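Residue numbers (our numbering), protein chains in the order written: chain V, 649 to 765; chain E, 46 to 469.
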């Protein structure tokens, strides 16, 4: 675990205010929204928009309950060779992968409502 | 909503006017469905009905459940759309009445379906529980359940389901490296022929427009698995008599036993050992790959379209493109091939001219292009841009945008002309 990820993790545990104050690598609100959308939509093309699974396994809170957090973050960042799970490091930094992993285990947030037209 | 309904009514009224009929109750006006289609509203479980002549939305049917990765087949009269939802929902929608006529939950996690050539059977391919289920197209009564069991208690996720002539369906088992062909001529007692070790991790498949070749793309290795359903010693593919005769010499009705189609590898090793690029979205295969004598296929983990001669099945070219291809679709006349891409290159669409094998156009129709569909004769293509909440209608000759329709988070676009095509 990198120092930065530890910082982000503890920041996440300590709450959003501290996260903003102490961990500059944590995603900002706009980026968080983009990440939520990315998980719902782009990860969703294999894992389902509701993350109930598809070609990829379900990513619901229940499904991930016993999955080690670090492994989850590493799977997102580095992919899983031999399976269709690609590394997302070209589109995320490690702190963001970690943020997604934490949120997945908490039950991933819904996308904020956006104007549809 | 209100505005769209008004526009739809106006469109209907104007077509009534054009026909010289008295405008009575709009729903009773006679009209065909040959120029109709549907657009999947991915985020809101709604099917948007479209008219490709008027280039407009004509209605919407909500209540279809989880439509991420939904796909659609049509009854052969073009009246009903069968919508396969991610959540295992199978919904029969009457396009003219603009309503759900039947709906069942047939699985926990589904990926698509097919309809038999005679229009009587609808088959669904499922991830959970892994297998294929066959339904009466009219009533949606289940006729057959074919678990994709490849080991004791092990069910494979099923991909690449297509219809074949004679009420058969072919499909691939992602987890079992197998292709199965189920003969449903007696739908309550399907007979399944299994082909093992066809290649690692088939992810989707297609049947060529002549119904001869079933081709499964492989995720786990460079190449595709091809099943020749007209294998030379097998002019008519039929289930072998059971038990098989000793020595395999006996004949029945013509061909010598054993009479089996064959699987072989095509485009093997196309990556030439290079490290593959990440595949952020699996490509989708259908019979649209075939343009004239050639087929255009997405490479996996390479930003290339592979070109193969459908007589010899030898590679005859590869065309560098702007990203990981997802849909590589020939215009119905085969003159052009349109390509869209996985994230992060999914704001682009490229057009290959099949005469010169060159990219002749790169378009940016909107953010997150998920799907394309040609009008029946290909003068226009409809392109969905999920993140712009827009469907663009593009002229395939001039590449000009003819119209844009507002649709929330559109994904798949399906026109009723699919009803007349093998493998759609």
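Note that the Cβ used here is the ideal one computed from N, Cα and C, for glycine as well.
Remember, it's a predicted structure, so these values are computed and weren't measured experimentally.
Taking 8 Å as the threshold, find out whether the stretch 236 to 249 of chain E comes into contact with the stretch 218 to 226 of chain E through three or more Cβ pairs.
Contact between the stretch 236 to 249 of chain E and the stretch 218 to 226 of chain E is present, because at least three Cβ pairs lie under 8 Å.
Helix, strand or coil for residue 726/V per DSSP?
DSSP places residue 726/V in helix when its eight states are reduced to three.
Start and end of the beta strand (DSSP E) containing residue 102/E?
Taken as a continuous stretch (DSSP letters only), the beta strand (DSSP E) holding residue 102/E covers 101 to 106.
What residues are listed by DSSP as bridge partners for residue 345/E?
Per DSSP, none; premise fails for residue 345/E.
If you run the structure through DSSP and keep just helix, strand and coil, what is residue 175/E?
The answer is coil: DSSP assigns residue 175/E none of H, G, I, E or B.
To which residues of the same chain is residue 681/V closer than 8 Å at the C-beta, ignoring the five residues directly before and after it?
Excluding residues within five positions, the ones whose Cβ falls inside 8 Å are 759, 760.
Is residue 113/E close to chain V? Criterion is C-beta to C-beta, closer than 8 Å.
Residue 113/E counts as touching chain V.
Which one of 389/E, 350/E, 358/E has the shortest CA to CA distance from residue 373/E?
That would be 350/E, whose Cα lies nearest to the Cα of residue 373/E.
Compare the C-beta of residue 417/E with all C-beta atoms of chain V and state if any pair is closer than 8 Å.
It does not; no Cβ of chain V falls within 8 Å.
For the stretch 152 to 172 of chain E, enumerate the residues whose C-beta is nearer than 9 Å to any C-beta of chain V, in chain order.
Within the stretch 152 to 172 of chain E, the qualifying residues are 153, 154, 156, 172.
Hey, residue 708/V and residue 154/E are a contact pair by Cβ (cut 8 Å); roughly how many whole angstroms apart?
Not really, about 12 Å apart at Cβ, beyond 8 Å.
Is DSSP giving residue 461/E helix, strand or coil here?
Reduced to three states, the DSSP call for residue 461/E is helix.
If residue 204/E and residue 219/E are in contact, beta carbons under 8 Å, what's the gap, nearest whole angstrom?
Residue 204/E to residue 219/E, Cβ: 5 Å. Contact.
At the 8 Å Cβ level, is residue 389/E part of the contact set with chain V, yes or no?
Yes, residue 389/E lies at the interface with chain V (some Cβ there is under 8 Å from its Cβ).
For residue 411/E, which residues of its own chain have a beta-carbon under 6 Å away from its beta-carbon, when the five flanking residues on both sides are left out?
If we look at residue 411/E and ignore the five residues flanking it on each side, its Cβ neighbours are 430, 433, 435.
Rounded to a whole number of angstroms, what is the C-alpha to C-alpha distance between residue 669/V and residue 393/E?
Because the pLDDT of residue 669/V is 41, which lies under 50, any placement of that residue in the model is unreliable, and the number read from its coordinates should be weighed accordingly. Straight-line Cα distance between these residues: approximately 39 Å.
Could you please give the first and the last residue of the uninterrupted alpha helix (DSSP H) stretch that includes residue 427/E?
From DSSP, residue 427/E is part of no alpha helix (DSSP H) but of the beta strand (DSSP E) over 425 to 430.
Which residues does DSSP pair with residue 223/E in a beta bridge?
Answer is 218/E.
DSSP beta-bridge partners for residue 204/E?
According to DSSP, which records beta bridges pairwise, residue 204/E is partnered with 217/E.
Residue ranges of each beta strand (DSSP E) run of no fewer than 3 residues wholly in the stretch 348 to 384 of chain E, ordered along the chain?
For the stretch 348 to 384 of chain E, whole beta strand (DSSP E) runs of length 3 or above, ordered along the chain, are 349 to 354, 360 to 365, 370 to 375.
Using 10 angstroms around the beta-carbon of residue 343/E, count the other beta-carbons present and answer buried if the total reaches 16, otherwise exposed.
Label assigned to residue 343/E: buried.
Taking the alpha-carbon positions, what's the residue 731/V to residue 77/E distance?
Their backbone Cα atoms lie some 46 Å apart in a straight line.
Where do the N-terminal and C-terminal ends of the alpha helix (DSSP H) with residue 631/V fall, by residue?
What the structure shows of chain V is the stretch from 649 to 765, and residue 631/V is not part of that stretch, so it cannot be assessed.
Could you give the DSSP three-state label for residue 417/E: helix, strand or coil?
Correct three-state label for residue 417/E: strand.
Give the secondary structure of residue 243/E by DSSP, where H, G and I count as helix, E and B as strand, and everything else as coil.
In the structure shown, residue 243/E sits in coil (DSSP, three-state: anything other than H, G, I, E or B).
Below 8 Å on C-beta distance, what does residue 326/E contact in chain V?
690, 693, 694, listed in chain order.
Measuring alpha carbon to alpha carbon, tell me which of 333/E, 389/E, 450/E ends up nearest residue 348/E.
Looking at the Cα atoms, 389/E is the closest of the given residues.
Tell me residue 194/E's beta-bridge partners as DSSP assigns them.
Per DSSP, 200/E.
So what does DSSP say about residue 392/E, is it helix, strand or coil?
If DSSP states are grouped into helix, strand and coil, residue 392/E belongs with coil.
Could you tell me which chain V residues have their CB closer than 7 Å to the CB of residue 174/E, listed as they occur along the chain?
Here the premise fails: no neighbours, minimum Cβ distance about 12 Å.
Within the 8 Å Cβ cut-off, does residue 738/V reach chain E?
For residue 738/V, the answer is yes, since a Cβ of chain E falls inside 8 Å of its Cβ.
Residues in its own chain within less than 8 Å of residue 188/E by CB, not counting five upstream and five downstream?
166, 179, 180, 181, 229, 232, 233.
Closer than 9 Å between beta carbons: that is the criterion. Which residues of the stretch 744 to 757 of chain V meet it against chain E?
From the stretch 744 to 757 of chain V, no residue has a Cβ closer than 9 Å to chain E.
Helix, strand or coil for residue 403/E? Go by DSSP, reduced to three states.
Strand, per DSSP.
Considering only the alpha carbon of each residue, which of 426/E, 175/E, 265/E lies closest to residue 728/V?
Of the candidates 426/E, 175/E, 265/E, the one whose C-alpha sits nearest the C-alpha of residue 728/V is 265/E.
Do we get a CB-CB distance below 8 Å when we pair residue 129/E with the residues of chain V?
Not an interface residue.
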